[in-house]
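Below is one structure, written out as structure tokens; comments come after it.
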Amino acid sequence: MHRVRRFNETQDVRDVRRTTISSDGPTTAQVYKLMNKNHPPLLGYADQCPPDQVRAVEVKVSSYLEGEYTARLVRTICADPNPEGMGLLEEAIDCSFAGSYAARVQPFTPGSCVKVPLTEDISCRTHLR
Numbered sequence: 012m013h014r015v016r017r018f019n020e021t022q023d024v025r026d027v028r029r030t031t032i033s034s035d036g037p038t039t040a041q042v043y044k045l046m047n048k049n050h051p052p053l054l055g056y057a058d059q060c061p062p063d064q065v066r067a068v069e070v071k072v073s074s075y076l077e078g079e080y081t082a083r084l085v086r087t088i089c090a091d092p093n094p095e096g097m098g099l100l101e102e103a104i105d106c107s108f109a110g111s112y113a114a115r116v117q118p119f120t121p122g123s124c125v126k127v128p129l130t131e132d133i134s135c136r137t138h139l140r
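Going from the sequence shown to my numbering is simple: count from 1 and add 11.
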């Protein structure tokens, strides 16, 4: 099982369990190079923020590590990054998706965009600041 680390927690790549990466993912050396605060080995994100009360929220998870991860829903009570502070305090919330799932790589491209073809009846003005 893997635990999602807070982004301010440091992790030396030597502390990570040595693992074999599947052929469709990056090599082990590439994974170790990627693991930092911008590229954690286990990444999850919601498809909407803030959540819409009409639609269900989908949570996407990707991991370069083999094995399983545990999904659960928690209410964050405190997320104090100060080492002398309270740290991370969470309250578990019952949910239907809680459980263990097989880890797999799902590409994530932050800063994605949509390209719309411009037709003659569409005008576009750009202002740079």
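Note that CB positions come from ideal geometry on N, CA and C, so glycine has one too.
Quick caveat, the model's predicted, so the values are computed rather than measured.
Of the candidates LYS71, LEU100, CYS60, ALA57, LYS71 places its Cα closest to the Cα of TYR112. Boundaries of the beta strand (DSSP E) around THR81: 79–82.
In terms of Cα proximity to PRO52, the closest of PRO118, GLU95, GLU69, ASP132 is PRO118. Membership of SER74 in the beta strand (DSSP E) is indicated by the continuous run 70–74. Apart from the 5 residues on each side of it in sequence, LEU84 sits with its Cβ closer than 6 Å to the Cβ of ILE104, CYS106 in its chain, given in chain order.
Taking the Cα of THR87 as reference, the smallest distance to any Cα among GLY98, TYR80, ASN93 is reached at GLY98. CYS89 carries a strand assignment under DSSP once its states are collapsed to helix, strand and coil.
Under the three-state reduction of DSSP, SER107 is assigned to coil, being neither helix nor strand.
Nearest C-alpha to GLY110 among GLU102, TYR80, PRO92, ASP91: TYR80.
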